[in-house]
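Undergrad:
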């Protein structure tokens, strides 16, 4: 078979190397699709033209860049000097169905909030809605095609609008997407002059991150060596070939409030002078879900469970490398906070115990000095550019990525509303449902927490080995609501 060659280089393109922490094997592995469901009829052309106008603004033009690999195998953005009908700034497509969504064989199954914690759908079943035919699903599609980094696919029904964004993870993370949505909303409203120019468009502001550690990482003694990581990979290789099932879970706000109240009460009862009693909803949600996610493991096992929590580095870096007054950062600024606990403790201890371990990891590993130490270890693996992993070769890993602070459910497209939805009580132009799909690498036991909707419900999804979701559904049905 002949390999498709990359398009010939356009000599007038502006070439920009990707930042160090954008061009990593981890982010190269994912092509992301984010689908927003609006219970309103939105103006597709307004949405399109406003996003195109945003991508043409100074500091935002990399959204229309073409991705290329140089002679050293490093990724580069090739930004057209001028966009045209032949080389558009945005990959755009639009599908129209002259029926209500409920009358469409697939859209009819778009989920609604559930009154109790429950799986509500398989997000992959909506692929024909959120991904147009021929849309990219792997990095090579970008490298071998003349494709802008950002794509927009809109699906219009008589009573709903689906707005689907897609991009390679090398472009940006969830907080970058959040900033993009805010700027897009301003552009829709005719408030372009309020859009702040992003930082890091000409230089890599994280170029020195990890080069000046002042202390060791607190988990340095539990870091996996490359040999240990290889052993872990061999032990878990079957998970990557095992059939995976994807599900979306809705956790009602009332249930979330109940388990957080109980966890806080547990902490207050057991409080001592060297620990706090604050737990966020995210701490408790991750602790609660961890128990469900490892329910297939023997409850008395001493096997190590590693909770690998992705988080944004923007706040800890806000006083130096990513100053808060320097503009938003539309790239990847992600670190990982790790909690290591044996299976038997997760099951035998109260929920507050696991939630507090997560909170302590945030407080202890999320400092500026620890961010520097973590990034330093990441740079040590310059040949692989893999982040450091902690635990042991026999561990069971669960990855969380909580996007609640991205406030995705607060996305405001009211300026594009043609016909508002009826009877939901939701503000027009706000999404009622959001899902994220990934192509390239399917990460078993990886759970993005999409966020908290206007009614206080949390939504999370993830892939697990075939059959595991059925067991979790049985346990969800037994959860006490009061």
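Residue numbers (our numbering): 714 to 1195. Cβ coordinates follow ideal geometry from the N, Cα and C atoms, glycine included. All values derive from a computational prediction rather than experimental measurement.
1. Could you tell me the boundaries of the alpha helix (DSSP H) in which residue 1079 lies?
2. Could you tell me how far apart the beta carbons of residue 968 and residue 829 are, in whole angstroms, since I believe they sit closer than 8 angstroms?
3. In the DSSP output, which residue or residues are listed as bridge partners for residue 808?
4. Would you list the one or two residues that DSSP bridges to residue 1023?
5. Would you call the segment 755-770 and the segment 901-915 in contact, with 3 or more CB pairs under 8 angstroms?
6. Can you tell me whether DSSP reads residue 1184 as helix, strand or coil?
7. Tell me the DSSP secondary structure of residue 738 in three-state form.
8. Can you determine whether any heavy atom of the ligand SAM sits closer than 6 angstroms to the C-beta of residue 1143, and answer yes or no?
9. Could you tell me which of 960, 927, 1085 sits nearest to residue 921, measuring between CA atoms?
10. If residue 775 and residue 914 are in contact, beta carbons under 8 angstroms, what's the gap, nearest whole angstrom?
11. Within the same chain, show all residues whose beta-carbon is closer than 6 angstroms to that of residue 1149, passing over the 5 residues directly before and after it, in chain order.
12. What separation, rounded to the nearest whole angstrom, lies between the Cα atoms of residue 720 and residue 858?
13. Looking at C-alpha atoms only, which residue of 1105, 763, 744, 749 is the closest neighbour of residue 937?
14. Just list the residues that DSSP pairs residue 1157 with in beta bridges.
15. Rounded to whole angstroms, what is the Cα-Cα separation between residue 717 and residue 1063?
16. Whole angstroms is fine: what's the gap from residue 1189's alpha carbon to residue 963's?
17. Just to confirm before moving on: does the CB-CB distance between residue 966 and residue 1169 stay below 7 angstroms?
18. Please return the same chain residues whose Cβ sits closer than 7 angstroms to the Cβ of residue 1010, not counting the five positions on each side in sequence.
19. Below 6 angstroms CB to CB, which residues in the same chain sit around residue 1092 once its five sequence neighbours on both sides are set aside?
20. With contact counted as at least three CB pairs below 8 angstroms, one residue from each stretch, are the segment 968-977 and the segment 988-1001 in contact?
21. Does the pairing of the segment 1119-1138 with the segment 722-733 give three or more beta-carbon distances under 8 angstroms?
22. Just checking my contact of residue 732 with residue 901 at CB under 8 angstroms: how many whole Å lie between their CB atoms?
23. With DSSP as the reference, label residue 745 as helix, strand or coil.
24. Tell me whether residue 1126 is buried or exposed, calling it buried when 16 or more other Cβ atoms sit within 10 Å of its Cβ.
25. Give the DSSP-derived three-state secondary structure of residue 836 in the structure shown.
26. Tell me, to the nearest whole angstrom, how far the beta carbon of residue 745 is from that of residue 879; I am working on the premise that it is less than 8 angstroms.
27. When DSSP labels each residue in this structure, what does residue 932 get in the three-state scheme?
28. Would you identify the three-state DSSP class for residue 1102, choosing helix, strand or coil?
29. Grouping DSSP H, G and I as helix and E and B as strand, with all else coil, what is residue 986?
30. Taking the alpha helix (DSSP H) that residue 892 falls in, what are its first and last residues?
31. For the candidate residues 866, 1158, 736, whose alpha-carbon lies nearest to that of residue 1002?
32. Using the rule of at least 16 other Cβ atoms within 10 Å of the residue's Cβ for burial, across every protein chain shown, is residue 986 buried or exposed?
33. If we count the other Cβ atoms within 10 Å of its Cβ and call it buried at 16 or more, is residue 1068 buried or exposed?
34. Using 8 angstroms as the cut-off, can you tell me whether the segment 972-979 makes contact with the segment 848-855, which would need three or more C-beta pairs spanning the two stretches below that distance?
35. Excluding the five sequence neighbours on either side, which residues of its own chain have a C-beta within less than 6 angstroms of the C-beta of residue 1115, listed in chain order?
36. Which residue marks the beginning of the alpha helix (DSSP H) containing residue 767, and which one marks its end?
TA: A quick look at the data gives this:
1. As a working mapping, residue 1079 is identified with position 366 in the chain shown. Looking at the DSSP string, residue 1079 is not in any alpha helix (DSSP H), and its letter there is neither H nor E.
2. Locating residue 968 in the chain shown gives position 255, where the first residue counts as 1. Locating residue 829 in the chain shown gives position 116, where the first residue counts as 1. Contact holds; Cβ gap of about 7 angstroms.
3. Residue mapping note: residue 808 aligns to position 95 of the chain shown, counting from 1. For residue 808, which the question treats as bridged, DSSP gives the partners 868.
4. Sequence index remark: in the chain shown, residue 1023 carries index 310 (1-based). Residue 1023 pairs with 1049, 1114.
5. yes
6. Taking the chain shown and counting its residues from 1, the one referred to as residue 1184 is at position 471. It is helical.
7. Position 25 of the chain shown, counted from the start, is the residue given in the question as residue 738. Helix, per DSSP.
8. Questions concerning the ligand SAM fall outside what the structure shown contains, since it holds no ligand whatsoever.
9. Position 208 of the chain shown holds residue 921. Considering only alpha carbons, the answer is 1085.
10. Translated into positions along the chain shown, residue 775 becomes position 62. Translated into positions along the chain shown, residue 914 becomes position 201. Correct: roughly 7 angstroms between the Cβ atoms.
11. Within the chain shown, residue 1149 is the residue found at index 436, counting from 1. Correct list, in chain order: 747, 1161.
12. Translated into the one-based positions of the chain shown, residue 720 becomes position 7. Translated into the one-based positions of the chain shown, residue 858 becomes position 145. Straight-line Cα distance between these residues: approximately 7 angstroms.
13. As a working mapping, residue 937 is identified with position 224 in the chain shown. Minimum Cα distance to residue 937 is reached at 1105.
14. Position 444 of the chain shown, counted from the start, is the residue given in the question as residue 1157. Its beta-bridge partners are 1176.
15. Within the chain shown, numbered from 1, the residue matching residue 717 stands at position 4. Within the chain shown, numbered from 1, the residue matching residue 1063 stands at position 350. Residue 717 and residue 1063: Cα-Cα distance of roughly 56 angstroms.
16. Residue 1189 sits at position 476 when you count from the first residue of the chain shown. Residue 963 sits at position 250 when you count from the first residue of the chain shown. C-alpha separation (whole angstroms): 11 angstroms.
17. Within the chain shown, numbered from 1, the residue matching residue 966 stands at position 253. Within the chain shown, numbered from 1, the residue matching residue 1169 stands at position 456. The answer is yes: Cβ separation under 7 angstroms.
18. Your numbering for residue 1010 matches position 297 in the chain shown. Result list for residue 1010: 1016, 1056, 1109, in chain order.
19. Here residue 1092 refers to the residue found at position 379 of the chain shown. The answer, listed in chain order, is 923.
20. yes
21. no
22. By one-based count along the chain shown, residue 732 stands at place 19. By one-based count along the chain shown, residue 901 stands at place 188. Actually they do not touch by this definition, with Cβ atoms about 29 angstroms apart.
23. As a working note, residue 745 is residue 32 in the chain shown. DSSP places residue 745 in strand when its eight states are reduced to three.
24. Your numbering for residue 1126 matches position 413 in the chain shown. It counts as buried.
25. Counting from one through the chain shown, the residue named residue 836 turns up at place 123. In this structure, residue 836 counts as helix in the three-state DSSP scheme.
26. Reading the chain shown from its first residue, position 32 is the one you call residue 745. Reading the chain shown from its first residue, position 166 is the one you call residue 879. Right, the Cβ-Cβ distance comes to about 6 angstroms (below 8 angstroms), so this counts as a contact.
27. Within the chain shown, numbered from 1, the residue matching residue 932 stands at position 219. Three-state DSSP puts residue 932 in coil, outside helix and strand.
28. Translated into the one-based positions of the chain shown, residue 1102 becomes position 389. Three-state result, residue 1102: coil.
29. Within the chain shown, numbered from 1, the residue matching residue 986 stands at position 273. Here the model assigns residue 986 a pLDDT of 45, short of 50, so the residue's position is not dependable, and the following value carries that caveat. It is coil, neither helix nor strand.
30. Residue mapping note: residue 892 aligns to position 179 of the chain shown, counting from 1. Run containing residue 892: 887-901, per the alpha helix (DSSP H) assignment.
31. Sequence index remark: in the chain shown, residue 1002 carries index 289 (1-based). If we check each option's Cα against that of residue 1002, 1158 comes out closest.
32. Your numbering for residue 986 matches position 273 in the chain shown. With a pLDDT of only 45 at residue 986, under 50, the local geometry of the prediction cannot be trusted, and no value is derived from it.
33. Counting from one through the chain shown, the residue named residue 1068 turns up at place 355. Result: buried.
34. no
35. Within the chain shown, the letter at position 402 stands for residue 1115. For residue 1115, where only same-chain residues beyond five positions count, the Cβ hits under 6 angstroms are 995, 1162.
36. Taking the chain shown and counting its residues from 1, the one referred to as residue 767 is at position 54. Note, residue 767: alpha helix (DSSP H), 757-768.
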